[in-house]
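If you count the sequence shown from 1, position 180 lands on 180 in the UniProt record's numbering, and the numbers rise without skipping.
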Amino acid sequence: MHYPPEQLIQMVYAIGESDGNCFLAARIYAQKYPNRSHPDVRSLQISKNGLSELEKSRTPTVLNEENQLAISLAVVENPQVTVRVLSNDLNIKNQQFQSLHQELLENDFERRIHFCQWVHNVVAENEDFFKFVLFTDECTFHRNGFVNRHNFHYYDTQNPHIVQVNNHQHNWSINVWGGILHNYVIGPYIFQGSVTGEVFLNFLRNDFPRLIIHVLDFIKNFMWLQLDGAPAHFNVTVRHHLNEHFPNAWIGRQGPTAWPPRSADLTPMDYFLWRVVKSDVYRVPATTIEDMVERIQQSFQRISPLVLSNVRSFRRRAELCLTENGHHFKQLL
Numbered sequence: 001m002h003y004p005p006e007q008l009i010q011m012v013y014a015i016g017e018s019d020g021n022c023f024l025a026a027r028i029y030a031q032k033y034p035n036r037s038h039p040d041v042r043s044l045q046i047s048k049n050g051l052s053e054l055e056k057s058r059t060p061t062v063l064n065e066e067n068q069l070a071i072s073l074a075v076v077e078n079p080q081v082t083v084r085v086l087s088n089d090l091n092i093k094n095q096q097f098q099s100l101h102q103e104l105l106e107n108d109f110e111r112r113i114h115f116c117q118w119v120h121n122v123v124a125e126n127e128d129f130f131k132f133v134l135f136t137d138e139c140t141f142h143r144n145g146f147v148n149r150h151n152f153h154y155y156d157t158q159n160p161h162i163v164q165v166n167n168h169q170h171n172w173s174i175n176v177w178g179g180i181l182h183n184y185v186i187g188p189y190i191f192q193g194s195v196t197g198e199v200f201l202n203f204l205r206n207d208f209p210r211l212i213i214h215v216l217d218f219i220k221n222f223m224w225l226q227l228d229g230a231p232a233h234f235n236v237t238v239r240h241h242l243n244e245h246f247p248n249a250w251i252g253r254q255g256p257t258a259w260p261p262r263s264a265d266l267t268p269m270d271y272f273l274w275r276v277v278k279s280d281v282y283r284v285p286a287t288t289i290e291d292m293v294e295r296i297q298q299s300f301q302r303i304s305p306l307v308l309s310n311v312r313s314f315r316r317r318a319e320l321c322l323t324e325n326g327h328h329f330k331q332l333l
């Protein structure tokens with residue numbers, strides 16, 4: 001069966017997540033894309049073998065179908081490979097890797113430009129403004145090695161699919177909240193079950209104040225809260241709570257300042273925190289929920305203020321987004 005280039009790339013990522021096990025890759029693909037036809041094990045094996053032969057004789061110069069497949073194979077062979085290394089090894093210009101980013105919709109560009117212009121304006125008035133913005137996010141960690149993000153993407157410094165895959169009869173997952181406030185890492189907080197609007201509101205009322213108790217009062221008095229467009233954040237009672245406790249000082253879906261959808265490339269939660277925690281957690285297979293929770297907590301504790309101070313600037317990313325008229329900007333970093 002002939003598969004379009006985009007689906008072939010997704011198939012190869014599934015093979016990479018399964019550590020080359022095409023039987024498990026078929027299940028991973030079916031779980032990720034339940035509403036489309038699924039490649040069988042034989043098709044995945046043929047794709048894997050074909051890509052191996054293609055990679056041996058590659059001399060690509062443009063991001064055509066063959067180049068896309070060569071990139072995918074290189075990621076399978078080394079999940080930690082960077083864009084710069086791929087660019088040099090495959091003789092493909094850095095700019096052409098934009099095709100591996102999460103797709104932005106037609107209206108997203110204008111929203112990203114509007115938000116980044118706001119960032120530019122507030123920084124012009126107060127260059128320390130974003131030292132008072134608490135960036136937050138939730139991430140689901142699965143026992144079998146998946147890291148489920150509703151805005152999952154392919155534009156990080158290292159490939160996001162570096163995971164350890166377990167073969168166990170019983171799987172479980174945990175939902176984790178975390179945050180970054182200048183040189184503070186906040187959390188983690190482990191949710192019990194799904195994160196609904198009611199659950200998230202209860203978290204904001206009862207648990208969030210405890211998580212930021214160590215933050216200086218001076219910072220808390222001027223603190224802004226950033227959330228993305230997750231359904232729990234958009235709950236009407238959650239938004240009422242945010243308007244009451246962070247009047248005109250929160251960023252999110254229909255907030256005083258709107259967070260642009262599909263823009264995880266702008267938040268340090270995605271391009272830094274979850275990548276670091278994921279790498280720690282999946283270094284060896286987790287045995288129990290308690291084991292995974294402990295690893296997540298330890299990973300948060302190891303992130304020092306010095307490490308956070310060296311994270312690439314959020315302001316810089318907003319500037320590059322403006323330079324690219326709202327498009328992805330990874331090639332400029």
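Just so you know, even glycine gets a beta-carbon here, dropped at the ideal spot from N, CA and C.
Open item on the list: For residue 317, which residues in the same chain have their Cβ closer than 6 Å to its Cβ, ignoring the five residues on either side in sequence?
Closed with: Reading the sequence shown from its first residue, position 317 is the one you call residue 317. Close CB contacts of residue 317 within its chain, under the 6 Å cut and outside five residues either way in sequence, are with 266 (chain order).
TODO: Could you check what DSSP says for residue 30 in three-state terms: helix, strand or coil?
DONE: Taking the sequence shown and counting its residues from 1, the one referred to as residue 30 is at position 30. Three-state DSSP puts residue 30 in a helix.
Open item on the list: Tell me which residue opens and which closes the beta strand (DSSP E) that residue 178 is part of.
Closed with: For this step, residue 178 is matched to residue 178 along the sequence shown. Element bounds for residue 178: 173 to 181.
Task: Selected residue, minimal CA-CA separation from residue 204, among 191, 298, 25 - done: Working through the sequence shown from its first residue, we reach residue 204 at position 204. Just measuring C-alpha positions, the residue of 191, 298, 25 sitting nearest residue 204 is 191.
Open item on the list: Let's test the definition: count the other Cβ atoms within 10 Å of the Cβ of residue 15 and tell me whether it reaches 16, buried, or not, exposed.
Closed with: Working through the sequence shown from its first residue, we reach residue 15 at position 15. Classified as buried, residue 15 has 16 or more neighbouring CB atoms from the shown chains inside 10 Å of its CB.
Task: Among 253, 257, 298, nearest to residue 231 - alpha-carbon criterion - done: The residue given as residue 231 occupies position 231 in the sequence shown. Proximity to residue 231 across 253, 257, 298 peaks at 253, based on C-alpha coordinates.
Open item on the list: Just to confirm the assignment, what range does the alpha helix (DSSP H) spanning residue 224 have?
Closed with: Within the sequence shown, the letter at position 224 stands for residue 224. Counting along the chain, residue 224 falls outside any alpha helix (DSSP H), though it belongs to the beta strand (DSSP E) covering 224 to 226.
Task: Neighbour-count burial assignment, residue 237, 16 or more Cβ in a 10 Å radius - done: Looking up residue 237 in the sequence shown gives position 237. Counting of Cβ neighbours within 10 angstroms places residue 237 among the exposed residues, the total staying below 16.
Task: Nearest neighbour of residue 226, chosen from 37, 216, 218, 260 [CA to CA] - done: Reading the sequence shown from its first residue, position 226 is the one you call residue 226. Checked all of 37, 216, 218, 260; the closest Cα to residue 226 is 260.
Open item on the list: Using 8 Å for Cβ pairs, my map puts residue 299 next to residue 276. What's the rounded Cβ distance?
Closed with: For the purposes of this step, residue 299 is taken as the residue at position 299 of the sequence shown. For the purposes of this step, residue 276 is taken as the residue at position 276 of the sequence shown. Yes, residue 299 and residue 276 are in contact; Cβ-Cβ is about 7 Å, under 8 Å.
Open item on the list: Could you give the first and the last residue of the continuous beta strand (DSSP E) run that contains residue 289?
Closed with: Within the sequence shown, residue 289 is the residue found at index 289, counting from 1. Counting along the chain, residue 289 sits inside no beta strand (DSSP E); it lies in the alpha helix (DSSP H) bounded by residues 289 to 302.
Task: Simplified DSSP assignment, three categories, for residue 15 - done: Against the sequence shown, residue 15 aligns to sequence position 15. In the structure shown, residue 15 falls within a helical segment according to DSSP collapsed to helix, strand and coil.
Task: Three-pair Cβ contact test at 8 Å for the stretch 103 to 114 versus the stretch 196 to 216 - done: No, the stretch 103 to 114 does not touch the stretch 196 to 216.
Open item on the list: Per DSSP, what are the beta-bridge partners of residue 185 in this structure?
Closed with: Numbered from its first residue, the sequence shown carries residue 185 at position 185. Assignment of beta-bridge partners to residue 185 by DSSP yields 180.
Task: Selection from 10, 24, 113, 221 that minimises the alpha carbon distance to residue 36 - done: Stepping through the sequence shown from its first residue, residue 36 is reached at position 36. Nearest of 10, 24, 113, 221 to residue 36, Cα basis: 10.
- [ ] Please name the residue, chosen from 130, 174, 197, 323, that lies closest to residue 240 on a Cα-to-Cα basis.
- [x] In the sequence shown, residue 240 corresponds to position 240, counting from 1. Nearest of 130, 174, 197, 323 to residue 240, Cα basis: 197.
Open item on the list: Quick check on the DSSP output: the beta strand (DSSP E) that includes residue 255 runs from which residue to which?
Closed with: Position 255 of the sequence shown holds residue 255. For residue 255, there is no enclosing beta strand (DSSP E), as DSSP marks it with neither H nor E.
Open item on the list: Only counting the same chain, and skipping five residues up and downstream in sequence, which positions put a Cβ closer than 8 Å to that of residue 33?
Closed with: Residue 33 sits at position 33 when you count from the first residue of the sequence shown. Closer than 8 Å at the Cβ level, and outside the excluded window around residue 33, lie 10.
TODO: Would you kindly report the start and end of the unbroken beta strand (DSSP E) that includes residue 267?
DONE: Reading the sequence shown from its first residue, position 267 is the one you call residue 267. Neither: residue 267 is in no beta strand (DSSP E) and is coded neither H nor E.
Open item on the list: On the CB-based measure, 16 or more other CB atoms within 10 Å of its CB, does residue 233 come out buried or exposed?
Closed with: Residue numbering aside, residue 233 sits at position 233 when the sequence shown is read from its first letter. Counting other Cβ atoms within 10 Å of its Cβ, residue 233 reaches 16 or more and is therefore classed as buried.
Task: Residue range of the unbroken alpha helix (DSSP H) whose run includes residue 328 - done: What you label residue 328 is simply residue 328 of the sequence shown in a count that begins at 1. Looking at the DSSP string, residue 328 is not in any alpha helix (DSSP H), and its letter there is neither H nor E.
Task: Distance CB(residue 314)-CB(residue 320) smaller than 8 Å - done: As a first step, residue 314 must be located in the sequence shown, where it is residue number 314. As a first step, residue 320 must be located in the sequence shown, where it is residue number 320. Not a contact, by the Cβ cut-off of 8 Å.
Task: Alpha carbon of residue 285 to alpha carbon of residue 278, nearest angstrom - done: For this step, residue 285 is matched to residue 285 along the sequence shown. For this step, residue 278 is matched to residue 278 along the sequence shown. Going from the Cα of residue 285 to the Cα of residue 278 covers about 12 Å.
Task: For residue 334, the three-state DSSP class (helix, strand or coil) - done: Here the chain has residues from 1 to 333 only, and residue 334 is not among them.
- [ ] Please confirm whether residue 132 and residue 269 have their CB atoms less than 8 Å apart.
- [x] The sequence position of residue 132 within the sequence shown is 132, counting from 1. The sequence position of residue 269 within the sequence shown is 269, counting from 1. Residue 132 is not a Cβ neighbour of residue 269, given a cutoff of 8 Å.
Open item on the list: If you reduce the DSSP assignment to three classes, tell me which class residue 212 lands in.
Closed with: As a first step, residue 212 is located in the sequence shown; it is residue number 212 there, counting from the start. Under the three-state reduction of DSSP, residue 212 is assigned to coil, being neither helix nor strand.
Open item on the list: Give me, in chain order, the residues of the same chain whose beta-carbon lies closer than 7 Å to that of residue 243; leave out the 5 immediate sequence neighbours on both sides.
Closed with: Translated into positions along the sequence shown, residue 243 becomes position 243. Here the set comprises nothing.
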